[in-house]
Each structure stands twice: as C-alpha cells, then as structure tokens.
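*Asks:* Below are the structure tokens for one structure; questions will follow.
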Amino acid sequence: MVKAVVLVKSPKKLIAARLRMVKSVYDSFAVSGQFDAVALIDVKELSSIKDVTTEIQNIKGVERTETLVQVV
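Structure, rendered in structure tokens:
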C-alpha cells in the first residue's frame, strides 16, 4: 500500500466533503494556510496516485494541488 497527502487549493467551502467522494480518499478535512483542504489517499501501487490526483484536479473549483507521497 502507498499512502499520500494531497494538498488542495480551492475557494469552495465544501471542498473537503467533495474530496471524500473520490474512491481512494480515506479522509479529508479543511485547513488554514496556503491550501484549503487536505485529502489522505491510500492506493495499491505508486502509479495509481496520478489517477487519484487527476480525479481530484477535475473537481469543479479545484485550482491546484500538491502531492506528498509517504516514504518508507
């Protein structure tokens, strides 16, 4: 399993709830600072992270993302 954190910039108030609709997102929450929400993802293979981040980027209102992959 590969875990990652996706930081999301979006002016939408309910973006964290929308992030939870993405299949591999197991938690999401709003944050203060440069980004507006965080999505925690868990996938079987490293290559799947790109598919999840693309799906997140396609959510209406998402301006940009930054992905941090767990290193073990």
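When you read off a place in the sequence shown, starting at 1, and then add 1497, the result is the number in the numbering used here.
We put the CB at the ideal spot given by N, CA and C, even for glycine.
Remember, it's a predicted structure, so these values are computed and weren't measured experimentally.
1) For the candidate residues Glu1542, Gln1531, Leu1537 and Ser1529, whose alpha-carbon lies nearest to that of Ile1464?
2) With 16 as the cutoff for other CB atoms within 10 Å, does Val1502 come out buried or exposed?
3) Provide the residue span of the beta strand (DSSP E) that contains Leu1537, from first to last.
4) Out of Leu1543, Glu1542, Ser1529 and Asp1548, which one is the CA nearest neighbour of Val1505?
5) Are the CB atoms of Ala1573 and Phe1526 nearer to each other than 8 Å?
6) Distance check for Asp1548 and Lys1520, CA to CA, integer angstroms please.
7) Kindly indicate the opening and closing residues of the beta strand (DSSP E) around Leu1504.
*Replies:* Reading it off the structure:
1) A query on residue 1464 cannot be resolved here, the shown segment of the chain reaching from 1498 to 1569 and no further.
2) Within the sequence shown, residue 1502 is the residue found at index 5, counting from 1. Exposed, since its Cβ has fewer than 16 Cβ neighbours within 10 Å.
3) Position 40 of the sequence shown holds residue 1537. Start and end: Ala1534 to Val1540.
4) Here residue 1505 corresponds to residue number 8 of the sequence shown, with the count starting at 1. Residue Ser1529 is the option with its Cα nearest to Val1505.
5) It is not possible to answer for residue 1573, since the shown part of the chain is limited to 1498 through 1569.
6) Here residue 1520 corresponds to residue number 23 of the sequence shown, with the count starting at 1. Here residue 1548 corresponds to residue number 51 of the sequence shown, with the count starting at 1. Roughly 11 Å separates the two Cα atoms.
7) Here residue 1504 is taken as the residue at index 7 of the sequence shown, counted from 1. Start and end: Val1499 to Lys1506.
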